[in-house]
Each structure stands twice: as structure tokens, then as C-alpha cells.
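Note sheet for the following structure.
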């Protein structure tokens, strides 16, 4: 006797087939692009199905008892459903997707994803939602002629290149009876850095540099202000008093420690595992950037020239993330 496919597995199979069909039909999207009516899909929600069943039951009861008031209420609720379906579809139609950008993330930490949207119409749009796998983000309103960003956070497991297969922009406005959605196939990629870790000290520091760094512990460095906390920052420099007052996690930005130019070597890390070496190198990159040093990176198949500052930090961390890595997703 044949066994029936369980409902969750059937739904997952239908969803995969529908996504594959939409990908073949739409192809890849090149930003900016508008959500045309032909690529917007709409179906009733679970609440909408209950609503339809209730209206159908009211229709049967009105026919059975030949009740004119029941017919009037039934047709009023049915017309409300059709009007709701029209407004739900129109809430997405014509929306312009400007681009997809990513924030910075280290392996194991969430990655911020931003989808820029523009509303070129003369009416506002409401309750727009962005989905990627099981993650959701939403904005309550997008005014006429305005622009906003739909944002969400994607969990990461390992370093490398993360390429979301598809994004979904959807809405249930108004009343939640219907869900209209559109799949976005934007060829965007994010770089997930190795998570900084390790116990080795930063190599290549001269005795003079060590002395000046030791002096900085006693307060001889110049205080330039505060900046956002980044993984790898010393907890000794965290502004704990400000954190206790409810402020975000900030660290003191110090200058004055003289550090010689440093080339961070892959072979200088005392570890056998490649991921441990990359994590230690990421730790060194953050430490060198925090000390305002001039530094570079040497990997078996790539070399990042000497530089300094935030851009140099990004170049080195990107090289570490791409080192022999497959997709992070």
C-alpha cells in the first residue's frame, strides 16, 4: 500500500519546484529594477483561507434560509476580500530595488543585509517584509517618493564568501488576508571574516615599541576619543562606565605607541590547523590596525602590500576570508 507524503514534506517539495520555476522564468536581476506585476505572486494566508471558508458557510446558510440580510453581508465580505487582494498586490507593484549591500561580519556572528528600496508612486506602501531563509526584517511604511532599506541579519557558521541564493520581498497589507511576494535573484556576495582568536603576541615589535606600548598602559598614550567595539579589542580599553549608563559598547581610541611596519606571515603562526592560523592572523590584523601600525599580510598564495588604516584592515581580512574557502552559506 502506497504511503502518503507528509504535508510538511509536500509543502517543501512544492516550494522548491516553485522557486526553481521562478528562477528560470525571471533569470538574474540587475539592480536597479522594478517589481513588475508579472513577477509578483499572491495567495491567501491561513487567516485568509479561514475567512474564505467562513464567507462560503455564510453563503450556504443564506441560501438555505433564503435570508436577504445574510446575502447582503456575505456579498459585502466577499467584495472586501477582492478589494483587499487588489491593494495587497498593488502594495508591491512598481517598487524599485536599488541594490543589495552587506555589513561586516566575523564567522559565527550575524551578518547585516540591506536592500535599498524606492517608492516611485504617489501612494505610500505599508508593512513591507524582507526574508532570507528563516530570517525576517520589515519596515512599517515607505512614503510616496521616498526611499528606505529593508534590513535583516543572517547567521554565519564559517568564514568565506556568502551568496544568498534568493531574497523575498513580501507584504500582507491590508488585514493579512493575502500575502503578495516577489523573489529577488541579485548576484550579490558578502565576505565573512575569520573569527579573531589566538594567544600569540603580535610579532615584529622592536624593544622600543614594546617599551612605548608598556607606557601606554600607564596612560602615556594620547586619547583621541571613543569608537565602536570590534572583535579582538582589548577589554582593558572598554568604556565600562559608559556601558553601565546604558551606552553602546565603546572602546578608547589611543594613539602615540610607535610600532614598526610589520608583515604578518602565515608561517609565523604556531598552529597546525589552517583555521586556527587564519584566526590568529585576523587577531593580529585587528591589533595592528588598533595600534595605527603599518602592516601587510603574507599568505602562501597571496600577499597584501604594506598599508595602514581601516581600508588596509578590510583588505587583509578579505584575503584571510577568501583563503582556500568555499561558499560560507
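Residue numbers (the working numbering): -17 to 311. Cβ atoms here follow ideal geometry from the backbone N, Cα and C, with glycine treated the same way. In this text the structure is predicted, and so the values were computed from the model without any measurement.
Own chain residues within Cβ distance below 6 angstroms of residue i, not counting five before or after
| i | result |
| --- | --- |
| residue 125 | 106 |
| residue 269 | 184 |
| residue 113 | 150 |
| residue 26 | 160 |
| residue 46 | none |
| residue 243 | 276 and 288 |
| residue 41 | 56 |
| residue 120 | 111 |
| residue 98 | 80, 81 and 131 |
| residue 87 | 93, 138 and 174 |
7 angstroms Cβ shell around residue i - same chain, five flanking residues per side excluded
| i | result |
| --- | --- |
| residue 44 | 52, 53 and 56 |
| residue 100 | 78, 80 and 129 |
| residue 253 | 259 and 262 |
| residue 11 | 166, 167 and 168 |
Residue i (DSSP reduced to helix, strand or coil)
| i | result |
| --- | --- |
| residue 181 | coil |
| residue 33 | helix |
| residue 118 | strand |
| residue 225 | helix |
| residue 283 | coil |
| residue 175 | strand |
| residue 301 | helix |
| residue 209 | strand |
| residue 189 | Caution applies to residue 189, whose pLDDT of 40 falls short of 50 and renders its modelled position unreliable; the value that the coordinates give is listed next. If DSSP states are grouped into helix, strand and coil, residue 189 belongs with the helices. |
| residue 231 | coil |
| residue 160 | strand |
| residue 220 | strand |
| residue 130 | strand |
| residue 277 | strand |
| residue 123 | strand |
| residue 142 | strand |
| residue 247 | strand |
| residue 306 | coil |
| residue 289 | strand |
| residue 147 | coil |
| residue 38 | helix |
Under 7 angstroms between C-beta atoms of residue i and residue j
| i | j | result |
| --- | --- | --- |
| residue 141 | residue 171 | no |
| residue 176 | residue 260 | yes |
| residue 158 | residue 29 | yes |
| residue 312 | residue 231 | Lying before the first or after the last residue shown, residue 312 is absent from the chain, which here runs from -17 to 311. |
| residue 92 | residue 135 | yes |
| residue 276 | residue 290 | yes |
| residue 225 | residue 211 | no |
| residue 17 | residue 74 | yes |
| residue 37 | residue 60 | yes |
| residue 89 | residue 174 | yes |
| residue 108 | residue 123 | yes |
| residue 20 | residue 8 | no |
| residue 76 | residue 50 | no |
| residue 221 | residue 208 | yes |
Own chain residues within Cβ distance below 8 angstroms of residue i, not counting five before or after
| i | result |
| --- | --- |
| residue 96 | 82, 83, 84, 85, 131, 132 and 133 |
| residue 271 | 277, 290, 291, 292, 294 and 295 |
| residue 118 | 111, 112 and 134 |
| residue 14 | 78, 79, 80, 81 and 100 |
| residue 66 | 156, 157, 159 and 160 |
| residue 1 | 148 and 165 |
The stretch 52 to 72 / the stretch 154 to 170 touching (three or more Cβ pairs under 8 angstroms):
Touching, per the Cβ criterion.
Does the stretch 290 to 305 touch the stretch 159 to 170, meaning 3 or more C-beta pairs lie closer than 8 angstroms?
Taking one beta carbon from each stretch, the stretch 159 to 170 and the stretch 290 to 305 have fewer than 3 pairs nearer than 8 angstroms; the two do not touch.
What runs of the beta strand (DSSP E), each 3 residues or longer, lie entirely inside the stretch 60 to 113?
For the stretch 60 to 113, whole beta strand (DSSP E) runs of length 3 or above, ordered along the chain, are 78 to 84 and 93 to 100.
Complete beta strand (DSSP E) runs within the stretch -10 to 29 (minimum length 3 residues, chain order)
Segments of the beta strand (DSSP E) lying fully in the stretch -10 to 29: 23 to 26.
Within the chosen definition, does the stretch 241 to 252 reach the stretch 262 to 280 through at least 3 CB pairs nearer than 8 angstroms?
When C-beta atoms of the stretch 241 to 252 are compared with those of the stretch 262 to 280, three or more pairs fall below 8 angstroms, so the two segments count as touching.
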